[in-house]
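The numbering of the sequence shown is this note's numbering, which starts it at 47 and goes up by one.
In what follows, a single structure is set out as structure tokens and then discussed.
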Amino acid sequence: MTKHLLILGGGTSGTMMTNHLRRRLPADEWRMTVVDRSEKHLYQPGLLFLPFGIYQESDILRDTRDFIPRGAEFIQSEIERISQESHLVTLSGGRELVYDILIIATGCRTAPEETEGMLGPKWRVNVHDFYTLDGARALRSKLAEFQGGRVVVHVNEMPIKCPVAPLEFTFLADTFFRERGLRDRITLTYVTPLSGAFTKPRASKKLSHLLGDKGIELVTDFVAERVDQEHDKLVCYDGREVPYDLLITTPTNMGDASVQRSSIGDDLNYIPTHKHTLQSLKDPDVFVIGDATNLPASKAGSVAHFESETLADNILLHIAGKPLKEEFDGHSNCFIESGNGKALLIDFSYEHEPHEGRFPFRFGPLRLLEESRLNHWGKLAFRHVYWNLLLKGRPLPGISRTKKKPIDSKTTKES
Ligand SMILES: Cc1cc2nc3c(=O)[nH]c(=O)nc-3n(C[C@H](O)[C@H](O)[C@H](O)COP(=O)(O)OP(=O)(O)OC[C@H]3O[C@@H](n4cnc5c(N)ncnc54)[C@H](O)[C@@H]3O)c2cc1C
Numbered sequence: 047m048t049k050h051l052l053i054l055g056g057g058t059s060g061t062m063m064t065n066h067l068r069r070r071l072p073a074d075e076w077r078m079t080v081v082d083r084s085e086k087h088l089y090q091p092g093l094l095f096l097p098f099g100i101y102q103e104s105d106i107l108r109d110t111r112d113f114i115p116r117g118a119e120f121i122q123s124e125i126e127r128i129s130q131e132s133h134l135v136t137l138s139g140g141r142e143l144v145y146d147i148l149i150i151a152t153g154c155r156t157a158p159e160e161t162e163g164m165l166g167p168k169w170r171v172n173v174h175d176f177y178t179l180d181g182a183r184a185l186r187s188k189l190a191e192f193q194g195g196r197v198v199v200h201v202n203e204m205p206i207k208c209p210v211a212p213l214e215f216t217f218l219a220d221t222f223f224r225e226r227g228l229r230d231r232i233t234l235t236y237v238t239p240l241s242g243a244f245t246k247p248r249a250s251k252k253l254s255h256l257l258g259d260k261g262i263e264l265v266t267d268f269v270a271e272r273v274d275q276e277h278d279k280l281v282c283y284d285g286r287e288v289p290y291d292l293l294i295t296t297p298t299n300m301g302d303a304s305v306q307r308s309s310i311g312d313d314l315n316y317i318p319t320h321k322h323t324l325q326s327l328k329d330p331d332v333f334v335i336g337d338a339t340n341l342p343a344s345k346a347g348s349v350a351h352f353e354s355e356t357l358a359d360n361i362l363l364h365i366a367g368k369p370l371k372e373e374f375d376g377h378s379n380c381f382i383e384s385g386n387g388k389a390l391l392i393d394f395s396y397e398h399e400p401h402e403g404r405f406p407f408r409f410g411p412l413r414l415l416e417e418s419r420l421n422h423w424g425k426l427a428f429r430h431v432y433w434n435l436l437l438k439g440r441p442l443p444g445i446s447r448t449k450k451k452p453i454d455s456k457t458t459k460e461s
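Quick look at the structure:
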């Protein structure tokens, strides 16, 4: 009798896993099913560019089915509940799917309802977000008409997916307003719950300098108690206030509600996962990948890509009854748009901080932790890499799943 591999979520991770494993599992022994609520695949890094009119919706949306390989079934449905004891997943409408192996790739979502006052009457009037397609669209309209005032870019709580995206947004906004001759009429402020611009100390130092150079104020250690929409200000637990005319917030991120309904997650609905094997800590037949995990790695597509290569090997080892590879090392890399047609590139892992040097080969051509035009073009080119290689589970030339030992002498261990 054929066995069943069930994949929950057909976003970045779920699609990559389906492609990896359909190539590697015999079709007469394993059938595969992917479930997602959406028939459209959204290239989320493109949400950064949509509000500025750099990308259009047609650049960042594709049919989900176009990336599901032959031999895997796609079901469009809401996932209601996962019952690990009975190896069963219930979909909305009551349909039940029994699995032999389950991969949970349900990602994470923004939860503006978690902050008092955020979803008040001025939500998407002068309180905006860009982490959702609707949010990015509304912000595009707002920016097109904005003529001046206090613009505040805000991160509510960590972890968030793509932790550099709000900073990138701030740099791009600076360029956007300069190009329109409006920058003198605008104050730009970046408000974060962290003690610096970013989570990693070396990158944070570099990015704080960039903010200063561009005349962007940095407000740190700001844990928002509420958004006071009546007086247009953010209020911190310690009593500090940041007034705004336009607030661009990144709300609290949380794992999917189906994780909560299934009682398999932590307080933020992230699923306890082995940080090197990607096996669930509760059930050996369940594996977790991407933003849905509770791992101390970045929630990023690049991380999901590196994880997918280890996880594909581990699923085959698990089926063969062999020990899993404890291989995933938190490897992450990310282009950081810094405005004026430039970007930085960072590469790090659980153990190693972002460092200087060249990427992906010893000779480059890309530079790490330094602004360059080539990095910016790399970021824009990544969209094509995503659609054509990454989602299909194809290797990316020169880029290995584990972090190469940094050759930069200044590299320190993560503090
Ligand atoms: C603005 C922005 C910029 C970003 N920039 C970058 C970048 O430059 N580089 C980078 O590496 N990463 C970036 N990311 C992060 C990256 O997009 C995510 O980390 C990546 O998509 C995670 O993949 P995933 O498969 O875990 O989750 P997702 O891709 O979000 O997929 C989850 C899927 O599960 C489905 N799903 C969830 N719950 C249910 C349910 N109950 N029923 C049915 N379906 C369900 C969803 O519909 C979705 O399709 C960015 C993200 C944002 C928002």
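For glycine and all other residues, C-beta sits at the position ideal for the given N, C-alpha and C.
In this text, all values refer to a predicted model and were calculated from it rather than measured experimentally.
Residue i: first and last residue of the uninterrupted alpha helix (DSSP H) it sits in
i, result
"residue 419", "419 to 431"
"residue 333", "No alpha helix (DSSP H) contains residue 333, which is instead part of the beta strand (DSSP E) from 332 to 334."
Under the three-state DSSP convention, the category residue i falls into
i, result
"residue 175", "coil"
"residue 86", "strand"
"residue 409", "coil"
"residue 378", "strand"
"residue 275", "coil"
"residue 62", "helix"
"residue 460", "Confidence at residue 460 is low in this model, with a pLDDT of 37, below 50, so the placement of that residue is unreliable and no value is reported for it."
"residue 338", "helix"
"residue 394", "strand"
"residue 444", "coil"
"residue 269", "coil"
"residue 449", "coil"
"residue 359", "helix"
"residue 327", "coil"
"residue 351", "helix"
"residue 435", "helix"
"residue 365", "helix"
"residue 314", "coil"
"residue 308", "coil"
"residue 67", "helix"
"residue 3", "No information on residue 3 is available, as it lies outside the stretch 47 to 461 that the chain covers here."
"residue 416", "coil"
"residue 454", "Since pLDDT at residue 454 reaches only 49, below the 50 mark, its modelled position is unreliable, and no value is offered."
"residue 73", "coil"
"residue 370", "coil"
"residue 387", "coil"
"residue 401", "coil"
"residue 200", "strand"
Below-8 Å beta-carbon distance, residue i vs any chain D residue
i, result
"residue 347", "Among the chains in the structure shown there is no chain D, since it carries only a single protein chain."
Enclosing beta strand (DSSP E) for residue i [first to last residue]
i, result
"residue 301", "299 to 301"
"residue 264", "262 to 265"
"residue 293", "292 to 296"
"residue 289", "287 to 289"
"residue 345", "Taken as a continuous stretch (DSSP letters only), residue 345 belongs to no beta strand (DSSP E), as it is neither H nor E."
"residue 50", "49 to 54"
Distance between beta carbons of residue j and residue i, contact taken as under 8 Å
i, j, result
"residue 264", "residue 236", "5 Å"
"residue 20", "residue 345", "Because the chain here runs from 47 to 461, residue 20 falls outside it and cannot be looked at."
"residue 386", "residue 221", "5 Å"
"residue 56", "residue 80", "5 Å"
"residue 401", "residue 414", "6 Å"
"residue 63", "residue 358", "7 Å"
"residue 378", "residue 349", "5 Å"
"residue 156", "residue 180", "Residue 156 to residue 180, Cβ: 11 Å. No contact."
Residue i: CB within 7 Å of a non-hydrogen atom of ligand 2
i, result
"residue 132", "The ligand content of the structure shown is limited to ligand 1, which means ligand 2 is not among them."
Could you pull out every unbroken alpha helix (DSSP H) segment of at least 4 residues lying fully inside the stretch 125 to 197, listed in chain order? Taking 4 residues as the shortest admissible run, the stretch 125 to 197 contains the following complete alpha helix (DSSP H) segments, listed from N- to C-terminal end: 179 to 191.
Jot down the residue ranges of each uninterrupted alpha helix (DSSP H) in the stretch 84 to 118, minimum 4 residues, whole runs only, in chain order. Listed in chain order, the complete alpha helix (DSSP H) runs (minimum 4 residues) inside the stretch 84 to 118 are 103 to 106.
3 or more residues per run - each beta strand (DSSP E) lying fully within the stretch 205 to 258: Fully enclosed beta strand (DSSP E) runs of 3 or longer: 232 to 237.
The stretch 99 to 119 in contact with the stretch 295 to 309 per 3-pair CB rule at 8 Å: Result no; under three Cβ-Cβ pairs closer than 8 Å.
Is it a yes or a no for the stretch 163 to 170 touching the stretch 360 to 370, going by three-plus beta-carbon pairs under 8 Å? Three or more beta-carbon pairs separated by less than 8 Å are not found between the stretch 163 to 170 and the stretch 360 to 370, which leaves the two stretches without contact.
Assess contact between the stretch 208 to 218 and the stretch 327 to 346, defined as three or more Cβ pairs (one per stretch) separated by less than 8 Å. Is contact present? Counting Cβ pairs under 8 Å, three or more are found: they touch.
Three or more C-beta pairs under 8 Å: does that hold for the stretch 174 to 191 against the stretch 114 to 126? Not touching, per the Cβ criterion.
Counting pairs of Cβ atoms below 8 Å between the stretch 268 to 276 and the stretch 158 to 167, do you hit three or more? Counting Cβ pairs under 8 Å, three or more are found: they touch.
Between the stretch 146 to 161 and the stretch 321 to 339, do three or more beta carbon pairs fall short of 8 Å? Judged by Cβ distances under 8 Å, the stretch 146 to 161 makes contact with the stretch 321 to 339, as three or more pairs qualify.
Between the stretch 386 to 400 and the stretch 417 to 428, can you find at least three pairs of beta-carbon atoms closer than 8 Å? Taking 8 Å as the limit for Cβ pairs, the verdict is that the stretch 386 to 400 does touch the stretch 417 to 428.
Assess, as a yes-or-no matter, whether the stretch 228 to 235 is touched by the stretch 251 to 270 under the definition of 3 or more beta carbon pairs within less than 8 Å. Touching, per the Cβ criterion.
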